[in-house]
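These notes concern the structure reproduced below.
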Amino acid sequence: MDVLLSIRAIIASKKLFKNWILVAAKYLLIKYGLVKGNVTIKCNGKAYMLTPEIYWTLVKTHYHNIIKKLVCENNITVTIIYDDKEIHFHDSLSFLSDIIFENFIGGAYNDLDVESRTVIDIGTGVGDTAVLFALRGARRVIALEPYPCLYRKALVNIRINKVENRVILVNAALGSFDGEVCAGAGDVDGYYLFSPSSRCDVKVRMYTLKSLIREFNVEENSVLKMDCEGCEYGTVLQAEPKDLKVFKEIIVEYHYGYKELKMLLENLGFNVKIKPIKSSPQPIEKQGYIVAKRS
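Numbered by numbering that gives the first Met the number 0, the letters in the sequence shown go through residues 0 to 294 in order.
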């Protein structure tokens, strides 16, 4: 945003924060390296500490009428406007940039035709992609999230968006073996490749693609979405061809290059294209999306 638009956006933020002038001043001091730290907003009589990045995401998306309002209680619930619908995300500010600029407004999954289909959503995070697929007409969404803290956030977001009748949320991971592993219950502030923890606060189910398809009776011509921070290699490359052919469309966010995955899917009869992640600084050779469709 240019300077004039930035000023307008800051002025518009008075509808979001009671102390909007002080917060904006602190943000600008941080932005130009004069001080370090975070900003504290006041909303509905409560104070919340935000990183400068999250603060500015709220301000600029509110100015562009993407964020409609904040509900400030024990945690903040953000209401965004997507396809003329109000969509709510509770306690999800750390993931807001990805939710808005990649998955919803950014159209990361616009290539997929999910209407009346089953969607397997691997790495649903705070539930935003499960909500997105349900709102776009998926018959059912089987959403896996291994991190217990993100799973709990996803439960809330699926409920407050009233899509629980079409979303099956499972605290589980996809990998190269079936079984259970230990996981810690603490919060995470980003997306990371899930791996067993030395702490055993909870047990998390591990599925292979084969066992997942069998347990949930995934039918032919379903859709597979994978964003699991690296698990795509052990999962897809070791999957049986008949299991991958269950899917009419597959989209995979790859993190360490696409060549092996692309070759495998093309050999199975998929038409494959590679597209960049709009919000990622990584070159497309390292990170991006594989979009695979069968005729």
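Glycine included, each C-beta is placed from N, C-alpha and C at the ideal position.
Of the candidates Gly183, His89, Gln281, Leu208, the residue whose Cα lies closest to the Cα of Val235 is Leu208.
In this structure, Gly233 lies near Ser175, with their beta-carbon atoms less than 7 Å apart. In this structure, the beta-carbon distance from Val125 to Lys152 falls below 7 Å. A contact is defined here as three or more CB-CB pairs under 8 Å, and the segment 196-211 meets this definition with respect to the segment 180-188.
The beta carbons of Thr50 and Asn37 sit closer together than 7 Å. By the beta-carbon neighbour count (other beta carbons within 10 angstroms, threshold 16), Gly32 is exposed. Runs of the alpha helix (DSSP H) lying entirely within the segment 230-289 and spanning at least 4 residues, in chain order: 230-235, 240-243, 258-266. By the neighbour-count criterion, in which 16 or more other beta carbons inside 10 Å mark a residue as buried, Val251 falls on the buried side.
Residues of the same chain with a CB within less than 7 Å of the CB of Gly268, apart from the 5 flanking positions on each side, are Arg293 in chain order. Annotation: the continuous beta strand (DSSP E) that includes Val201 extends over 201-206.
If you look at His89, you'll find it in the beta strand (DSSP E) that goes 84-89.
The beta-bridge partner set that DSSP reports for Ala142 consists of Asp120, Leu168. Judged by DSSP in its simplified three-state form, Glu214 adopts helix. Pro280 and Ile212 have their C-alpha atoms some 34 Å from each other.
Here DSSP, grouped into helix, strand and coil, assigns Glu101 to helix. Taken through DSSP and simplified to helix, strand or coil, Lys25 comes out as helix.
A straight line joining the alpha-carbon of Asp127 with that of Ser196 spans about 25 Å.
Remark: fewer than three beta-carbon pairs, one from each stretch, lie closer than 8 Å, so the segment 224-232 and the segment 87-96 are not flagged as touching.
If you draw a straight line from the Cα of Glu259 to the Cα of Tyr62, it comes to about 43 Å. Boundaries of the beta strand (DSSP E) around Ala182: 178-182. By the CB criterion at 7 Å, Ala137 and Val58 fall outside the cutoff.
Close CB contacts of Val113 within its chain, under the 7 Å cut and outside five residues either way in sequence, are with Phe132, Arg135, Gly136, Ala137, Val222 (chain order). In chain order, Ile250, Val290 place their CB closer than 7 Å to the CB of Asp110, counting only its own chain and leaving out the 5 sequence neighbours on each side.
The DSSP-derived three-state label of Arg7 is helix. By the 16-neighbour rule on beta-carbons within 10 angstroms, Leu69 is buried. Within 10 angstroms of the beta-carbon of Ile20 lie fewer than 16 other beta-carbons, which makes it exposed.
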